[in-house]
Structures are given as structure tokens and as C-alpha cells.
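Shown next, in C-alpha cells, is the structure this report addresses.
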């Protein structure tokens, strides 16, 4: 998952969370209002009719008890029937109108029912016709049932809707749920080591300062951390882009230098051809002059000297031009060497940055040892080496016993401290040729070259004993910690998955034996 996708999901989750909180609070307020209105209805109507009094008593009892929406609807229907059967028309109309208006004015109806409720209340106020009022009573009952159904429709078990809602504690339950979600998210985030301090601060906030007021701040801080990771990736992309742009420019410069050298070489070649032609022409002319009948030796000597002087001037011109071209070529070669050195430095810096970034992404931010991604890569490498040379190779899986209970009893910060100390013990207890990684949660994996099953089991037990004897303390309180381990070695026709599954089976058996055990499987 990319940083942008993760940020979008966090924002979507945050938005849905606050919507759910607001919806639950509004729903609770609405249902409490509805309950109070029904209670007031029962009190106002009491004493008008014995049968009606009994139904009103049933209504009050239901409101204080199960709050079954179906039973409440049935009682309301009986109340409507009793109202319709009242022998005194005036009294019936007055009482029915008062009861219905009392409820209509008291209830805060959902938005889609408010207009209908207001229109019904207005009509009830002005009516004095018995038959018309009966029609309004039907509308009134449908409206109340719609309100109850609307409230109950958000739950899978409508019959127990009222009791569940009134016993629900939204802030406490939501905070506990959010705390678990945030810890799960923090656990799955594989951030570079440079973000470890910020990650620790967020874990402390989730562990110790998780309140309704602080939750938005914690979510914003986590989102900012993820955004920082995105910005870091974007900066690296920009740096790579700048390097590629610089590389392109330097390659273009090198092309220009090489082109200039090629042009100068071509020009020098043309000069050589021209010099050769001029030299041949001068020598031919001297031969023709010598073939002439000179009567004076001095005149012949002067003519030859003149021709030789001319040829020497041609050579001097060529030598000066050649020296100039040589100096220009040396300058270009020097510039080329400088550009190549700069290019090599930039490439090396980029390689170092990529190597550090890749290494950082393969390290566990909490413990500082290798993470699951690095472990899978190393397992594949060691498997290929084992297939080729068939040297002993063993895999161990450790799991901290009752880690969830430790988190629940002492807090996640205590759990984090135990994970870090366990990682330190693993590192100190293994060779440089060995490979240990945090596989996820409280699980750690070790890959041990040149180690058979017996040696691997001895090593796993040695580390198990060290953990058992170590004194884990959190905020002055001793925390008892044990681990279980499963060990498996690579055998003929094994795949890496086969060995991992056997080690996992060994771990499972160690847990079944009562934990603080080590089981090896061939």
C-alpha cells in the first residue's frame, strides 16, 4: 500500500469514526426524548379510563424494562383503540387530541418525518370531527411507528434495540475500539528508523492519553507521520529526478566534448592532407626547376632555398595549429575527467542513499532488528544456498507467551519494552552469520546456517532460558515473561514453506504443552 493510499484510508476512517460518534449521540438523544415523551403521554392520560390506565401502566413498565419496540407498538395500538372507543365524544376528542399533540410536540422526529409531523399537529389542533380525528389517529400511529422503526433499523436485532441502546456507553466503547485499531495500525506500519521517536510518542499517547478530546489530535499526529513518510519518499523521488536531470545534462556535455574532439580530429586530418598536398606540390615544382638549364649555380641555390623556406613555413603553420589543437584537446580531456568524477560522486551518493533507504525499510522500527520483509528475502537466499551446497540449515520461531495478557495488564508500552529487550537478547545470543528478525507482533524468527536440528534446538532452548531468567521490569513492577519456540531443519525435497510450517507446528505444540517450551520437528 502506498503512502497516499494509506493517508486516504486514515482520513476516511477518521471521517467515518466522527460520523458514527455523532450519529450514535444524536440517535441516543432522540430515543431518550422519545422515551420521555411516551412517559409523559402515559402520565397525562392516566385517570381518564381504567382500561386506558392499564395500557398506560404497561407502556411505562415496558419503557423501564425491555423497551421492546414491537411490544411498544402493540401497546400504542391498544391505546388508540381505547381512545376510539371512548363513550364521551367531546371528552374523547379532547383527550385524543391532547395526547397526540403532547407526543408530536415532544418528539424530535428524524429529518424526513418532521414536515409530516408538523402538518399533522396543525391539523389535530383545529379538528373537532370525530371521524376526522380517527383518521388523524391512524396517521399519528403510523408516524410514531415510522420513528421507532427508523431508530431500530440501524441495528440487526430490532427486538432488543431499546435495551442495547440505553445500556450502550459510546465514548468508552469507541475509545477502547479505537485504541485497539490504532495499536494494530501502528503494529503494521513499517516505518524507517528515522521515524522511530515520533512513532514512540504516538504509542505513548494511545496508551496513556487516549481520551475523546485527544483522539483527533492522536489521529492527526499519526496522519502527519504517514504524511512525513510520503514527503520523505517524494523528496527521494525529487532527488532521483534531479540526479537524472543532472546526469542527462552531463551526458549532453560529454557528447558535445566528444563531438568537438571528433571535429578537431577531422580538421587535423584535413590539415594533414592539405599539408601533404602542398608538400608534394612544392617538391614537384622544385624538380621541374632543377630540370631546367641553370647557367648559374648561385641562382639554383637561391631558388632551392626559397622553396625550402616556403615548405618550412607550411610545417611551422601546421605545427602551431597542431599544438593549439593538442592544448584544446587536453583542456577538454581535463574537463571530461572532472565531469566524470562529479558524476561518479553523485552516483555513489545516490547508491549509498538507496542502500540506506532499503536497509531502513527492512528494519523493524520498534526493535531495530530485521523485519518480516528482510526475513523472507534472507530465507529465500539461504534456501537457494542450501539447495546448492546441502549444508545444514535450521529455522526457529519464537513467540512470547501470553503477550496479549501482558499488554492488557501492564499496557502496550510494557509490551513494547519486552519486545525490544527480547530482540536484544536474540542479537547478543547469536552469531554474526545468523539472521534474526521480528516476524510480526510477538513472533520472532531465526535462520541459522551450518546448524543442524540438534544444535538449533539447543540454541532455541538457550535463548528461552535466558528470557525466563531475565528480569523484566516496567515502571518498577516485575513482569514475568516466557517464550515458546518451534524448530525445524531443511531436509531433502523441502521447500522454504515446508520448513516454516514445521517450525510453526512445533511452536503450536510447545504452546499446547503449557508454554515455556521448545519443540523440534524433523
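In the UniProt record's numbering, the protein residues as written are 1 to 522.
We put the beta carbon where it would ideally sit given N, CA and C, even for glycine.
Counted within 10 angstroms of its Cβ, other Cβ atoms place residue i as buried (16 or more) or exposed
| i | result |
| --- | --- |
| residue 383 | buried |
| residue 389 | exposed |
| residue 359 | exposed |
| residue 469 | exposed |
| residue 444 | buried |
| residue 414 | buried |
| residue 217 | exposed |
| residue 397 | buried |
| residue 416 | buried |
| residue 206 | buried |
| residue 252 | exposed |
| residue 219 | buried |
| residue 464 | buried |
| residue 456 | buried |
| residue 379 | buried |
| residue 157 | Model confidence at residue 157 stands at a pLDDT of 41, short of 50, so the residue's coordinates are unreliable; what they give is reported in the following sentence. The residue is exposed, with fewer than 16 neighbouring Cβ atoms inside 10 Å. |
| residue 312 | exposed |
| residue 450 | exposed |
| residue 161 | Confidence in residue 161 is poor, its pLDDT being 36 and thus under 50, which makes the residue's placement unreliable; the coordinate value appears in the next sentence. Flag for residue 161 reads buried. |
| residue 507 | buried |
C-alpha gap between residue i and residue j, whole angstroms
| i | j | result |
| --- | --- | --- |
| residue 111 | residue 119 | 14 Å |
| residue 493 | residue 223 | 47 Å |
| residue 364 | residue 424 | 13 Å |
| residue 392 | residue 385 | 10 Å |
| residue 458 | residue 361 | 32 Å |
| residue 488 | residue 405 | 28 Å |
| residue 446 | residue 467 | 15 Å |
| residue 163 | residue 484 | Bear in mind that a pLDDT of 40 at residue 163, under 50, signals an unreliable position, so the model cannot answer this. |
| residue 522 | residue 505 | 11 Å |
| residue 421 | residue 407 | 15 Å |
| residue 194 | residue 366 | 11 Å |
| residue 429 | residue 419 | 15 Å |
| residue 500 | residue 462 | 21 Å |
| residue 482 | residue 436 | 18 Å |
| residue 213 | residue 354 | 41 Å |
| residue 246 | residue 356 | 22 Å |
| residue 520 | residue 238 | 50 Å |
| residue 326 | residue 310 | 24 Å |
| residue 126 | residue 211 | 51 Å |
| residue 399 | residue 480 | 14 Å |
| residue 369 | residue 209 | 28 Å |
| residue 323 | residue 274 | 17 Å |
| residue 514 | residue 347 | 56 Å |
| residue 475 | residue 204 | 14 Å |
| residue 401 | residue 516 | 7 Å |
| residue 374 | residue 497 | 16 Å |
| residue 270 | residue 244 | 38 Å |
| residue 226 | residue 197 | 14 Å |
| residue 439 | residue 509 | 19 Å |
| residue 249 | residue 242 | 10 Å |
| residue 454 | residue 472 | 29 Å |
Bridge partner(s) assigned by DSSP for residue i
| i | result |
| --- | --- |
| residue 370 | 363, 437 |
Backbone secondary structure at residue i - three-state DSSP
| i | result |
| --- | --- |
| residue 212 | coil |
| residue 338 | helix |
| residue 127 | coil |
| residue 324 | helix |
Quiz item: Curious, which full-length alpha helix (DSSP H) runs of at least 4 residues does the UniProt domain "GGDEF" (391-522) contain?
Solution: 403-410, 412-429, 453-469, 496-512
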